[in-house]
Structure formats: structure tokens, C-alpha cells
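299 is the number of the first residue of the sequence shown in this note's numbering; add one for each residue after it. Here a beta-carbon is modelled for each residue, glycine too, at the ideal position from N, C-alpha and C. Owing to the predicted nature of the structure, the values given are computational and were not obtained by experimental measurement. As C-alpha cells, the structure follows; a few thoughts come after it.
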Amino acid sequence: MTEELSPAERYAAARIRAAEEASALAPFREMYEFDLDPYQIEACKALEAGKGVLVAAPTGSGKTIVGEFAVHLALQQGRKCFYTTPIKALSNQKFADLARRYGADKVGLLTGDNSVNSDAPVVVMTTEVLRNMLYAGSQSLTGLGYVVMDEVHYLSDRFRGAVWEEVIIHLPESVTLVSLSATVSNAEEFGDWLDTVRGDTQVIVSEERPVPLWQHVMAGRRIYDLFEEESDHGGRGSARREVNPDLLRMAREENSSRYSPKDRRRGKMVREADRERERRSRGRIWTPSRPEVIARLDGDGLLPAINFIFSRAGCAAAVQQCLYAGLRLNDDSARAKVREIVEARTASIPTEDLHVLGYYEWLEGLERGIASHHAGMLPTFKEVVEELFVRGLVKAVFATETLALGINMPARTVILEKLVKWNGEQHADITPGEYTQLTGRAGRRGIDVEGHAVVLWQRGMDPAALAGLAGTRTYPLRSSFKPSYNMAVNLVQQFGRHRSRELLETSFAQFQADRSVVGISRQVQRNEEGLEGYLEGMTCHLGNFEEYARLRRDLKDRETDLAKQGAAQRRAQAAGSLEKLKPGDIIQVPTGKFAGLALVLDPGVPAGRSNGHRGHEYTEGPRPLVLTVERQVKRLAAIDFPVPVEAIERMRIPKTFNARSPQSRRDLASQLRSKAGHITVDRPGRGGRAAAADDREIARLRTELRAHACHGCDEREDHARWAERYHRLQRDTRQLEQRIEGRTNTIARTFDRIHALLTDLDYLREDEVTPHGRRLARLYGELDLLASECLRAGVWEGLSPAELAACVSALVFEARQSDDAVAPKVPGGAAKAALGEMVHIWGRLDALEEEHGINQAEGVGQREPDLGFAWAVYQWASDKSLDEVLREAEMPAGDFVRWCKQVIDVLGQVAAAAPSSSAPPSSEGGSTVARNARKAVEALLRGVVAYSSVG
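Following this line, the structure appears as C-alpha cells:
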């Protein structure tokens, strides 16, 4: 029986209830059909109390409720609220949600593509739009009370993350910041920084998923639990999960049945028995096909499901495999509903474009309840897939990992085919953070009792490692903040150089660097104590052993240097031999992946040396493009030629040869084998007398070493071991001290280098921003300075709108994979000359950056412009059909649309930044660039590029 409250306690409880009913939170809670979670209530109360909040919670746990409460408070107080998201699709989705809840008149949208009701009290926008507003001092900031930063963990993104920090640092102090993040392991550290730069900020962390997640492995026809049932060990309430022993046994059986080179030495009968045992094992264990997986999950009632495949082509192939297998997940009524929705959503796409977009194949999959979702798809198609999935009309989606970033598409089950993905440089294991982000989609709040994550069995899988991946919650937030040229001129324009430097020192990047210095300083102190002990151990009674050890090190270093010099001489000889090669030379590639006979197609000589042949030029040395006898066309590097190479034969290369044609490569490789396949080449040796044998310095050091008093010590080698430890620890300590020095004021030092370069180019003069600098302040993007220099030099004057679009595309486009074999196709005439001049200006800027110590590897500086999209955008701006453009570009429709929209965005910036008068002036007056940039935007905004899901 509950103890009756005293009058005082009843009075206190009544006051609390009355205060809650009078708060803004009470009517807000009534707007939802479900009650709020404790962490949501805590965050909302902190907001109402005037504090900023950082909310870190799992995907799908409803942390956006806190952002919506900020919207509610702003409307109640007659103030504005900006709701920022990292991607346009998420902005569109949130705009639609808020417009339904608060009315279309109160909610606006601002992205690079759309501007809807931008003067509304609540505006949803991408983070870049808000950054640009802050630098421009936009009037829209007047009356701003709240800013919601959804998916704030994006500040770890190495390409765009700096924008989040810029916004957080530059927002007016009167604005309350609501930061919503996925579960990160250093939320407290991030909260401490927010507290420093934004004032009183409360950190609310929720580790609890709203829907429990079960982890599974699917092998063959069976679905195994990854973990055994949770049990309480020791009665202390701490549940420890053990890996399913069935999975561990399967892994052991598979490993024991693997082929070993030793098997060749075993008897035939034993090998046959092993193979029979492996066949029986494979009868139980195999990686199920995609249709098998979906059919099994459908039978178990585990759909809808998202199957993550880290490949666009893999996603498209998966849908086709399911269609060929006859998989149908929708009944007739669902099929009719799908067709009705699809036809309504795609009505604005020109009929002649539907075939080239793969519309009919896509529709067939949708009608069966199956679809893919990746960045290469047309945005319209992606949005339709998202809508149908949420409505339950698409039950299986094959998606790349981009789906895990923010879009509201929860499923009952998430499938991971592999635990390895391409990270842009190599195939790497997915991290615990990525695993958590992907599997976070499983389990729909208010619909599912539990969510399921299914990993498909792969040969070599380690269940214990998978369990570690699933059980780890390490997802640290790491700043990727770096100053840029545009940021520098905008900061100096607003605050002056000194104040700008101080502002950059408040970045999260510097905050983390300063914190890491504390730990390094402690390590330096420990090392210094260790050095004292080592010094004692190396003490010799015969003399100064530190001096003797230094002689030994000098001798070793001298011998190493001479060996390196010999290697350098051999490399120089090899490079010299490569420079003599000509097209048609047959050579023997001495080493590397492509060792063997090869035909030189293009010598790839260094810049400035023509060698009588006009081909690609490389500043890092000769890089010959060759055809191997295996029919591969590859551009080789100096590493493939450790020794000199010379032509062993010559043959004519047909003028009709096309490096991209398999038949053309096959024919020429056959001629190569016929011409030189019988020739054997002896690999040159590296003989000759060692340089160390005749070196006077080595002779002197050896004499001094033998003459030293410590040379005759009986314990010399023991002392030497202590001396070596002393030297290594001393070297490590110096490196730690350099790291401390390097991490102190790092951001400010980078800003100083950028300021110096911009001063040299007359963009800045101490605290003054020149007219050139004011133009740069309007140009945002990775190649902001290159764009400004092109405007300054008049490179784009006189170009037609289509030609200007081609040139601007080089500022934004980046090929997914570099193709050295064939130069990209570009428009001829004035556009080709302008593109060539752009590359020349970039080369000058690159040299200037190197002179000022600005390093592109550290994320600062201008990458080389990429001409790979110039022809496609030129064709589209010239009113060519979508079929013709995509066929020549060999590019998915979604990529084409995305790059066109980025070109349109930069063309708008160019139109705004172009000088008001130009030389030569046009007959109509004003800049031809500004006018033609606007015309180029109009030319590009047609067909699939012009379609917008928000109106």
C-alpha cells in the first residue's frame, strides 16, 4: 500500500503539475498521439529554460521531436526558427512534415534548388545556405531565435564538415542552438565545446533504442541468432552476450576444410575425402542468393527490408535477379496503387525521356514491391521509392549506404551482404559506427515490436569479430574543420585579421587538438623519467659511452645514405631511359603487376619535354601508357621500372586503334605477341663495387670507433643496447614535443598561410578586403580561388552560355574513378581554349600554394579541375536530347542531374560575382559572363533537371 502524502508534499506536487500545465511543453505534447520519452522531455525542458541542447540518440529514436519543439517555441514567442539538414532530400522531407503540422503559410524551404516561402517564420534549409546567409549578413537573420542542426555529426565529413562549425561559431549569441546527433562516444566532449562557444548547453544522451534490435546471420536456408540468449552472470544485473556456438562451429569447420598448398603432397584418397567433406559442409553452409534472402524473410514475416549493397551496379543487379526469379511481394490491389502513385509523381517527366531513364523496368520492379535506391538514380525515382516504402507498397529495397544518412525510411529488417566496402581508396572493413548507422534503420517505432539485422554468411567470416562489431558503440565525432580562401576573405571582411584568427581558434578542431596535447605532455614527462634510467644503464667505467654510441650511429647512417644514393642513381637512370621511349616501342616491363612485354602507346613524358611527341605530360616523371600482352591498357609509373629499360623492337600502331575498344585491344595485343613474343630479355644486374668500400668518411668513423676507450669494454654490447634504447626514446620524445608544437594554434597557422597567399594575389591587405577579395567572398566551393582568378583574368569572356557551362563544370565535377587511358572529350573552339587556360591558372595557383606551405593532402587548397563533365553539360545546354547526352556521357541519370544542379548553383554564384564591366565590353553593357551565366542556367533547367518535387 502506497504511503499517503503529507499536505506539504501534495502541495508541492500540485505546484509542479500546475507549472508543467502552464509551460509550452504541455500543449506541444498534446499534438502527438504517443507520449514523449524521458530524454525528449528532458531536452524540451532545457530548451524552454533558455539553454542550448545537444541530443545524441540512436537512429529512429525520435530525436527530431526536440527540433520540432524548438519550432513550436519560436512560433509561440513570435520569433524565427531555421531548421538545417545536411542533404536536400532530408530538407524536402522535413519541409513537408512541418508544413503539414503548422500550415504551409508558416513554413518555408531554401536549398540550392528550391526557394519556397523563404520569409516564413520557420524555414528548412541545407546547412550551406545558412552559412552563406551568415557571411552575407542577410536580413533574414533578423528575429532569429532558434537554429536546429539535424544530423550535426556531419561535421566529421571531410568534404563538407567545416560548414557546420562555421555556422556554430558565427551564429549570433542571441540564437539558441539545438544540435541533434546520432549516438557518438564523445558527446560530452562535443558538449563541452558547444558550452564554450555557444554558452549554457545541456548534453542529453540516450543509448536506448525505441525498438529492440536482434542480430542474426543467414547461412544457407537457416537464420541463426548472432548471440545466445542474454543471461545474468554473477547475479550483478550485468548481462553479457555470448556468440552463438553454432556459428563458431560452422566457422571452424569451414576453416579446417580450406585448401592448403600442403594438400598437393597428400594422397589422392585423402584429398578426395577432404573434398567430399567440404561438399557436405557446403550443403548446409552457403551464401544465399538475393531472391532467396527476400523470399525467406517474406515467409518469416520480416519484411519490409532494406538490403545494403555497397555498389550501385550491385543494387540494380539485385532488382533484376529478383525479377528473373519471379519474386512478387505485392497483390493486384497493391500493384494498381503503385502504378497510380508512380504515374502521378512522374507526370512531369517528358515521355520521350522515360525509355532512356529505364522507367518501364523500374516500374515493373515497383509493382512487384522491389526497388533499388542509390545516388545514381534520378531524384524523382528515389523520392517515389521512399514514398512507396513508407506506405508499405515496396517491401524490399536494395540500397547503398547513402540511404542510412538521415532519410526517414525505417524497415523491419536490415540486411548486410558484406562487411567490407570501398572507401574511395581501398576496400576496407566497415567501422562499428557505420554498422550502427546501417542497422539503426531496423525496427519501426509504433509498428514493430522488434527490429532485425541480418548479416549474410560469407566464406572466411569470423562470428566473434562480427559480434564485436555489433556490440561496439564507438563512434567518435572528429572535426574536419579547415580554413578555406572564401572563409578567410569573409572573416577578414567582417572581423578583421586579428579577430578572425581568434574566432578560428575557437573551432572544435582546435578544441580537440588542445585536449590531445594534455595526454601527449604527460607522455613526454614519463619518457624523460625513462631517459634518466637508460642513461644510467649505458654508463661505462672506461669512458663516455654516449659519445661512442653516437659514432656507431653516424657510421650506420653514412652506410645507409650511400645505399640510398645508389638506389637514387638507378632510379635516375631508369627515368632517363623512359624519356627516350616513343609510341610503337616494344619494351619489357621488369617488375610489378604488369611485368612482361608491353607496347608503348604514349610515353607520358615530364612536363616541358616534348620528346618529339605530343601526348600527356606528368610533372612527377615519365608515366608511359602501354598495352600489355594481356590486352590491358595501363599507365605505368616509375615504381614499375627499378632498372633502365630500352626498346627491344618496334611496331606500328594503327591510326584506328581505340584504347576503350576490347576488340581493338585484342587485335593489337595479338600483333604484339607475334612481333616480339619469341624475344627473351636478360634483366640487367646491379653489379659494381660498393660505394662504402671507397668512402673516406666511413674509413674515418671506423678508425675513431676502434680508437675509442669504450671499444675495449667487456660489457660494450650491453651498454650499446641501453644506448640504443636511450636514442630511440629520445627520438620519440622529440617527435612528441614536435606534435605538441604542431597541434598548438594549428588552425590559426593555416589561416596565416592562406592570408599570406591572398595578400600576394591582392585579395587582402592586412585588415582590408580588396575588390578582388569581395568577388571571392561570393564564390563558395572547393575551387573558389580558381573561379575568382578565371573571372579576374577574363577567361570566360565571350563564351556562349553552353561553353560557359562546360567551363564551370570543371570547378564542381569529380570523376568517381580516374581514367588515365583516354583524355576526356571537351567542346572545341573557345571553350577548349578557356578550359586549357583554367588548367594553366590552376598550375600557377598550385605552385603558389606549395610556396606558402598550403597542402591539399590536409584538405586545404585547390585540386586540379576535372574536365570529365564538360562535354555532357555542353550538349545538354545546347538542347541535345537526354538519350544522346547520357549515351555519350556513359553516366547514370541521377549523377547527370546532380552534377547539372551543382553546375547551376555555381553558375548562379558566377553571375553574382562577375564584374559589372568587362573588357571587351558587350554592346549591351555589363559583363558578358554574368549575362551568359544566367542564360546557361536557363538552358540547363529543362527536362529531368528542371523537375522538382517541392513546389
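{"query": "Is DSSP giving V414 helix, strand or coil here?", "result": "strand"}
{"query": "In the DSSP assignment, find the unbroken alpha helix (DSSP H) run with Q1173 in it and report its ends.", "result": "A1168 to A1175"}
{"query": "Would you list the one or two residues that DSSP bridges to C838?", "result": "G841"}
{"query": "Look up E1162 in the DSSP assignment and say whether it is helix, strand or coil.", "result": "coil"}
{"query": "Just list the residues that DSSP pairs Y522 with in beta bridges.", "result": "V515"}
{"query": "With DSSP run on the structure shown, which of helix, strand or coil describes K780?", "result": "coil"}
{"query": "With a 10 Å radius around its C-beta and 16 neighbouring C-beta atoms as the bar for buried, classify M1136 as buried or exposed.", "result": "buried"}
{"query": "According to DSSP, which residues form a beta bridge with T382?", "result": "M423 and M447"}
{"query": "Let me confirm a value: P648 is counted as buried when at least 16 other C-beta atoms fall within 10 Å, else exposed. Which label applies?", "result": "exposed"}
{"query": "Rank K680, S819, Q500 and P356 by C-alpha distance to the C-alpha of M1036 and give the top, closest one.", "result": "It should be pointed out that residue 1036 corresponds to Gln in this sequence rather than to Met. Considering only alpha carbons, the answer is S819."}
{"query": "Would you check if the distance between the CB atom of L1184 and the CB atom of V1106 is smaller than 7 Å?", "result": "no"}
{"query": "In the DSSP assignment, the beta strand (DSSP E) including K1199 goes from what residue to what residue?", "result": "Taken as a continuous stretch (DSSP letters only), K1199 belongs to no beta strand (DSSP E), being part of the alpha helix (DSSP H) at A1191 to A1211."}
{"query": "Just tell me which of C342, Y337 and V351 has its CA closest to the CA of S359.", "result": "Y337"}
{"query": "For V822, which three-state DSSP category applies?", "result": "helix"}
{"query": "Alpha carbon to alpha carbon, how far is C1088 from A615? Give it in angstroms, no decimals.", "result": "43 Å"}
{"query": "Return the chain-ordered ranges of every beta strand (DSSP E) run that is complete within the segment 662-738 and spans a minimum of 3 residues.", "result": "668-671, 694-697, 711-714, 718-720 and 725-727"}
{"query": "Could you check how far apart the C-beta atoms of A460 and K780 are, in whole angstroms? I think they sit under 8 Å.", "result": "6 Å"}
{"query": "According to DSSP, what are the bridge partners of L895?", "result": "Q886"}
{"query": "Excluding the 5 residues flanking E944 on each side, which residues of the same chain have their C-beta closer than 8 Å to its C-beta?", "result": "S875, K878 and I885"}
{"query": "Would you grab the beta carbon distance between V1171 and C1198 for me? Rounded to a whole angstrom, and I think it's under 8 Å.", "result": "6 Å"}
{"query": "Go ahead and pull the three-state DSSP assignment for H750.", "result": "strand"}
{"query": "Can you give me the C-alpha to C-alpha distance between R1019 and R1004, rounded to a whole angstrom?", "result": "18 Å"}
{"query": "Give the secondary structure of V654 by DSSP, where H, G and I count as helix, E and B as strand, and everything else as coil.", "result": "coil"}
{"query": "Quick one: what does DSSP say L1133 is sitting in, helix, strand or coil?", "result": "helix"}
{"query": "Look at the alpha carbon of S587 and the alpha carbon of P920, and state the distance between them as a whole number of angstroms.", "result": "46 Å"}
{"query": "According to the neighbour-count rule (16 or more other Cβ atoms, all chains shown, within 10 Å of its Cβ), is F1049 buried or exposed?", "result": "buried"}
{"query": "Can you list, in chain order, the residues of its chain with a C-beta nearer than 7 Å to that of G443? Leave out the 5 residues immediately preceding and following it.", "result": "A372, Q375, R377, K378, C379, V473 and T474"}
{"query": "Measure the alpha-carbon distance for P942 versus F457 and round it to whole angstroms.", "result": "41 Å"}
{"query": "Can you tell which of P1122, L439, E463 and D1082 has its C-alpha closest to the C-alpha of E449?", "result": "E463"}
{"query": "Using alpha carbons as the reference points, say which of V1158, A865, P940 and A354 lies closest to N484.", "result": "A354"}
{"query": "Which word fits M447, buried or exposed, when buried means at least 16 other C-beta atoms lie within 10 angstroms of its C-beta?", "result": "buried"}
{"query": "From A1212, K973, T1044 and G1127, pick the residue whose C-alpha is nearest to that of L802; which is it?", "result": "T1044"}
{"query": "Report the rounded CA-to-CA distance for V541 versus F525, giving the unit in angstroms.", "result": "5 Å"}
{"query": "Kindly list the residues whose CB is nearer than 6 Å to the CB of I521, restricted to its own chain and excluding five residues on each side of it in sequence; keep chain order.", "result": "H514"}
{"query": "For F332, count neighbouring Cβ atoms within 10 angstroms of its own Cβ and tell me buried if that reaches 16, exposed if not.", "result": "exposed"}
{"query": "Which of helix, strand or coil does DSSP assign to F457?", "result": "coil"}
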